[in-house]
Amino acid sequence: MNISKRMKQLMCISKRSRNFCSSNQWNNDINKIRNIGILAHIDAGKTTTTERMLYYSGKIHHMGEVHHGNTVTDYMTQERERGITIKSAAVTFKWKGHQFNLIDTPGHIDFTMEVEETLSVLDSAIVILDASAGVEAQTVTVWRQADRYKIPRLVYINKMDRADANLESCCTSIEKKFGSPTLCLQLPLMENGKFVGLIDILTLEKLVPSKEKLTRTLLIEQEDLRNWTAAKNARSVLVDRLTDLDDNFANLVISADSIDHIQTTEISKTLWKITAKQDATPVLCGSSYKNIGVEPLMDAVILYLTSPKDGNNIYSCFKNSLCARAFKIIHDKQRGPLVFLRIYCGEFKQGQKIYNITKDCTEHSGRLYIAYADEFQEIGSMQNGNIAVVSGLKVTTVGDLISQSAPSAQRAKDEVISSTKDNELVDRIFGTGTKIPEPVFFCSIEPPSLAYEKQLDQALSELQREDPSLKVTHEPETGQTVLAGMGELHLEIIKDRILKEYKINAELGALQIAYCETPTNSVSHEITNEVRVGSTKHLVTVSLSIVPKSVDEEKEVLKLDRSSEAASNLANIHHRTLQAIKQGIKVALTHGPRINCKVINAQVVLHKLEIGRGTSETMVSATVTQCLQKVSDFTTVVWLLYSITDVERSGNNYLGTNYVFRNSKHRRVNFNNFSRFGSKTSEYTECNCQRNWKDYYLRGTLVRTIGIFDRFKNNYLWNGIILNGIFRI
1 MNISKRMKQL
11 MCISKRSRNF
21 CSSNQWNNDI
31 NKIRNIGILA
41 HIDAGKTTTT
51 ERMLYYSGKI
61 HHMGEVHHGN
71 TVTDYMTQER
81 ERGITIKSAA
91 VTFKWKGHQF
101 NLIDTPGHID
111 FTMEVEETLS
121 VLDSAIVILD
131 ASAGVEAQTV
141 TVWRQADRYK
151 IPRLVYINKM
161 DRADANLESC
171 CTSIEKKFGS
181 PTLCLQLPLM
191 ENGKFVGLID
201 ILTLEKLVPS
211 KEKLTRTLLI
221 EQEDLRNWTA
231 AKNARSVLVD
241 RLTDLDDNFA
251 NLVISADSID
261 HIQTTEISKT
271 LWKITAKQDA
281 TPVLCGSSYK
291 NIGVEPLMDA
301 VILYLTSPKD
311 GNNIYSCFKN
321 SLCARAFKII
331 HDKQRGPLVF
341 LRIYCGEFKQ
351 GQKIYNITKD
361 CTEHSGRLYI
371 AYADEFQEIG
381 SMQNGNIAVV
391 SGLKVTTVGD
401 LISQSAPSAQ
411 RAKDEVISST
421 KDNELVDRIF
431 GTGTKIPEPV
441 FFCSIEPPSL
451 AYEKQLDQAL
461 SELQREDPSL
471 KVTHEPETGQ
481 TVLAGMGELH
491 LEIIKDRILK
501 EYKINAELGA
511 LQIAYCETPT
521 NSVSHEITNE
531 VRVGSTKHLV
541 TVSLSIVPKS
551 VDEEKEVLKL
561 DRSSEAASNL
571 ANIHHRTLQA
581 IKQGIKVALT
591 HGPRINCKVI
601 NAQVVLHKLE
611 IGRGTSETMV
621 SATVTQCLQK
631 VSDFTTVVWL
641 LYSITDVERS
651 GNNYLGTNYV
661 FRNSKHRRVN
671 FNNFSRFGSK
681 TSEYTECNCQ
691 RNWKDYYLRG
701 TLVRTIGIFD
711 RFKNNYLWNG
721 IILNGIFRI
C-alpha cells in the first residue's frame with residue numbers, strides 16, 4: 001500500500017516543525033537528566049503520549065496522530081502504514097530546566113527485542129495502561145523485563161475519557177498481577193459524566209486544560225464539596241500508605257498535629273525514595289489524545305523518577321574514563337550505520353578512537369549526534385549520563401561495551417575483580433548487556449534471481465545487525481538461507497523492509513515452529529586434537545561438561561571450573577582464547593543430537609585446556625565443537641511450545657466464553673483457573689490454558705480464527721513444567 005499524498009504532506013509538516021536546539025543548551029548537570037522509556041501493551045497510547053510531550057515541551061509545533069501517520073517517533077514506512085510501533089525511537093527535549101532523553105518502544109511481542117535493548121540502558125520508565133483494560137498481556141512482559149533490570153517506574157493510566165474507563169480496577173490489576181502497592185496521585189475530574197480534567201491529590205487542585213495551557217484551581221470545600229471530599233480522602237489514603245512504606249515519613253506524620261499539615265514537598269520526597277527503591281508504584285491518569293494529563297506526567301518524571309546519578313552505576317569502576325554501552329543500531333542511507341550509545345562514564349568526543357571491550361578491537365568513530373527519531377543534530381562531544389549517536393563504527397553491535405582504550409578497560413576490570421569475588425557481577429559489567437530471546441518461527445528466504453543474491457545477503461546482514469532477534473543461517477545441506485524470528489509479523493516486516501528499502505522482492509517459504517533441545521543430565525568428555533599444517537603443529541586438549549540449567553537462570557553459556565584441580569590450569573586463559581572457546585560452543589549448540597535443533601538452557605563447564613605453541617584460535621574453536629559433538633550419549637528432550645493463556649473480555653464487545661470453548665476444544669486447548677475482576681461496565685474474565693503450538697502453526701492467523709487471541713510471549717514446555725505465556729481475548 002502506497003502512502004497517500006496527504007500523509008506525505010503531514011510527514012513533511014511534522015519534520016519541518018521540529019525545533020532543534022544549539023549544543024550549548026544541553027544540560028551538563030547530571031541531576032537534571034532523565035533517561036526514560038515508555039512501555040505498554042499495543043494500542044495503549046505510547047506514541048500519542050510521546051507526541052504530546054514533544055509538543056508541550058516546544059520540540060514540535062504541530063501534533064501528529066497515529067491514525068494520520070505523521071507522528072515523530074513512528075517514522076518508518078511500515079509504522080505509518082500499519083499504525084503500530086516497530087522500532088524504538090529516541091528523542092531529546094527540555095521540560096522545566098530538565099533534559100528528557102526519551103525512548104518510545106513497540107508494544108507488540110514480535111518486537112520485544114527493541115524493548116529489551118532499550119531497558120538495558122534506561123534509568124527509569126513510564127508504563128502506560130489503557131484505562132478500560134488495565135494490565136494487559138504485553139504489560140506483564142515489559143513489567144517483568146523492567147524488573148530484571150531493576151528499573152524504577154511509574155504508571156500512567158491513559159484513555160480516561162472512555163466510557164468504560166475505571167481507575168480503581170486498573171490499580172487493582174496492578175497490585176494483583178505485579179504485587180506492587182499503588183500510590184494514586186490523581187483522580188479524574190468529571191462533569192456531566194465526561195472526563196474534563198484531573199484532581200491533584202497532593203495539592204488539592206483541579207487541573208483543567210484551557211487553550212492548550214493547564215489551569216490549576218484550588219479546591220474549596222464550600223464550592224465543590226464532592227470533589228474536595230474525594231481529594232481529601234484520597235490524600236489521607238496516600239499518606240497512610242506512605243507511612244507503611246517509609247519509617248522517616250511515619251515519624252513525620254506522628255509528630256505533625258494533623259495529616260493536613262504534612263507539606264506537599266515532604267510527600268514528594270518520600271514518593272521519590274519509595275519509587276527509587278521500587279517499594280511501590282505511583283499512579284497518574286489522563287487522556288493523551290484529549291490533551292489531558294501529559295504535562296503533570298512530565299512533572300512527575302522530574303519529581304519521582306531517578307537521574308543517572310541516583311541509580312546504582314555499576315560502571316563507576318571506569319571513573320572519569322569513557323564507558324558506554326551500544327543499545328541500538330540503524331542504517332542511514334547517507335550516514336551509514338549509526339550506533340546509539342548510553343554514556344555511563346567520561347566524555348565521548350567526535351572522531352575519537354575507541355576500544356570495543358566485547359569484541360576486543362579498536363575502532364575510529366565518526367561524527368557524533370543527538371537523535372530526534374529519524375533526524376540527527378551534530379554535536380562535538382557528549383557528557384556521561386546522556387544518550388548519543390555515533391557514525392563510523394563498523395564492528396560494534398548491540399550490547400557491546402565501549403571504552404577509551406584497552407588499558408583503561410583493564411584497569412576498570414582489575415578494580416572490580418579486586419573489590420568483589422562475584423564473577424556474575426564481572427560478567428554483567430563486561431559481558432553483553434542485552435538478553436537475546438530465542439526465535440519462535442523460521443522460514444527460508446530466496447532472492448528473485450541469482451543476480452540479487454549478494455544484495456540480499458548484504459540486506460540481511462544489515463537487518464541482523466539492527467535486530468539481534470533476527471537470526472540468519474545458511475544450511476549447507478540444502479543451500480538455503482533461513483530466517484528465524486519472533487513471529488509471523490516480525491518476518492513479514494523484514495520481508496517488506498527488504499522490498500522497500502533494498503528493492504529486492506524476496507520470497508519467504510512456509511513458516512515452521514522453531515523447536516529446541518535441552519540436556520537432562522550432566523555429561524563430560526575429553527578430546528585431544530593434533531594437526532600439522534605445513535611446518536606448524538597445532539595441538540589442543542580440552543575437557544568439557546555439558547550441564548542443564550533452569551529456565552530462570554541467567555548464566556553465561558561458558559563456566560570455568562573453579563575447583564582446586566582445575567584452577568591452576570585455567571588461571572591465565574587469554575581473552576581471545578576464551579572468545580574462541582565460546583565460538584566453538586556456539587557452533588556445537590546450534591545443532592542438537594536429537595533432531596538437529598538448537599540446544600538451549602545448557603551450560604558448558606571447562607575443566608581442562610592445554611594448547612601447544614603456535615596453535616591457532618580456529619583450531620581451539622574446532623576442538624571445542626568436536627568435543628561437544630562427541631557427547632552424543634546425553635539424553636535430550638525436545639521442547640514443545642505451549643502457552644498459558646489469559647482470556648479477557650469486556651461488556652460491549654464480549655463474544656462469550658462458551659464461544660471460545662467451542663472453537664478451542666477441537667484444537668486441543670485445556671482451560672483452567674477462572675477469575676473475574678473489574679466493574680459492572682468493564683468486567684474481565686481470566687483463564688489459564690495450555691496449547692501446543694505444533695497444531696497452531698501460525699500464531700496470528702489461526703489464533704484469530706478462534707475469535708480473538710493475541711499472544712504476547714513465547715515459551716516452552718519441559719518435563720511437565722509450564723513456562724509463562726499469555727494470550728489476550
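In full-length UniProt numbering, the protein residues as written are 1 to 729. The beta-carbon is built from N, C-alpha and C at its ideal position, and this holds for glycine as well.
Check whether the Cβ atoms of residue i and residue j sit closer than 9 Å, and answer yes or no.
i	j	result
residue 166	residue 132	yes
residue 528	residue 544	no
residue 576	residue 617	yes
residue 116	residue 138	no
residue 183	residue 197	no
residue 85	residue 58	no
residue 510	residue 90	no
residue 566	residue 525	no
residue 483	residue 470	yes
residue 109	residue 153	no
residue 460	residue 472	yes
residue 437	residue 506	no
residue 321	residue 404	yes
Apart from the five residues on each side of it in sequence, which residues of its chain come closer than 8 Å, Cβ to Cβ, to residue i?
i	result
residue 262	239, 252, 253, 256
residue 369	338, 376, 377, 378, 379, 388, 389, 390, 391
residue 417	426
residue 24	Per-residue confidence for residue 24 stands at a pLDDT of 46, beneath the threshold of 50, marking its modelled position as unreliable; the derived number appears in the next sentence. For residue 24, where only same-chain residues beyond five positions count, there are no Cβ hits under 8 Å.
residue 189	195, 196, 197, 198, 199, 206, 207, 208, 227
residue 582	557, 558
What span of residues does the alpha helix (DSSP H) with residue i cover, start to end?
i	result
residue 171	167-178
residue 575	575-590
residue 620	617-630
residue 300	294-304
residue 461	453-466
residue 140	137-148
Which word fits residue i, buried or exposed, when buried means at least 16 other C-beta atoms lie within 10 angstroms of its C-beta?
i	result
residue 562	exposed
residue 571	exposed
residue 243	buried
residue 733	Nothing can be reported for residue 733, as the shown portion of the chain is limited to 1 through 729.
residue 41	buried
residue 518	buried
residue 336	exposed
residue 503	exposed
residue 781	Residue 781 lies beyond the residue range present for the chain, which begins at 1 and ends at 729; the question has no answer from this structure.
residue 74	buried
residue 381	exposed
residue 128	buried
Below 7 Å CB to CB, which residues in the same chain sit around residue i once its five sequence neighbours on both sides are set aside?
i	result
residue 324	341, 342, 343, 344, 348, 402
residue 603	547, 549, 555, 557, 559
residue 332	338
residue 54	60, 72, 91, 93
Output needed for residue i: all residues of its chain with C-beta closer than 6 Å, excluding positions within five of it in sequence on either side, in chain order.
i	result
residue 185	201, 282, 284
residue 412	317, 318
residue 584	621, 624, 625
residue 704	Reliability fails at residue 704, whose pLDDT of 36 lies under 50, so the model's placement of it is uncertain and no value is given.
residue 100	34, 93
Could you tell me the boundaries of the beta strand (DSSP E) in which residue i lies?
i	result
residue 254	Run containing residue 254: none in the beta strand (DSSP E); it sits in the alpha helix (DSSP H), 247-255.
residue 381	381-383
residue 190	186-191
residue 447	Here residue 447 belongs to no beta strand (DSSP E), and DSSP marks it neither H nor E.
Figure out for me which residue from the options has the closest Cα to the Cα of residue i.
i	options	result
residue 157	49, 67, 272, 308	49
residue 204	400, 226, 492	226
residue 220	213, 95, 231, 359	231
residue 444	480, 346, 290, 69	480
residue 487	419, 354, 237, 440	440
residue 214	120, 250, 299, 264	299
residue 172	135, 477, 614	135
residue 542	302, 532, 578, 522	578
residue 408	315, 515, 303	315
residue 466	394, 421, 454, 429	394
Please check if any C-beta of chain C sits within less than 9 Å of the C-beta of residue i.
i	result
residue 60	The chain labelled as chain C is not found in the depicted structure, where only one protein chain is given.
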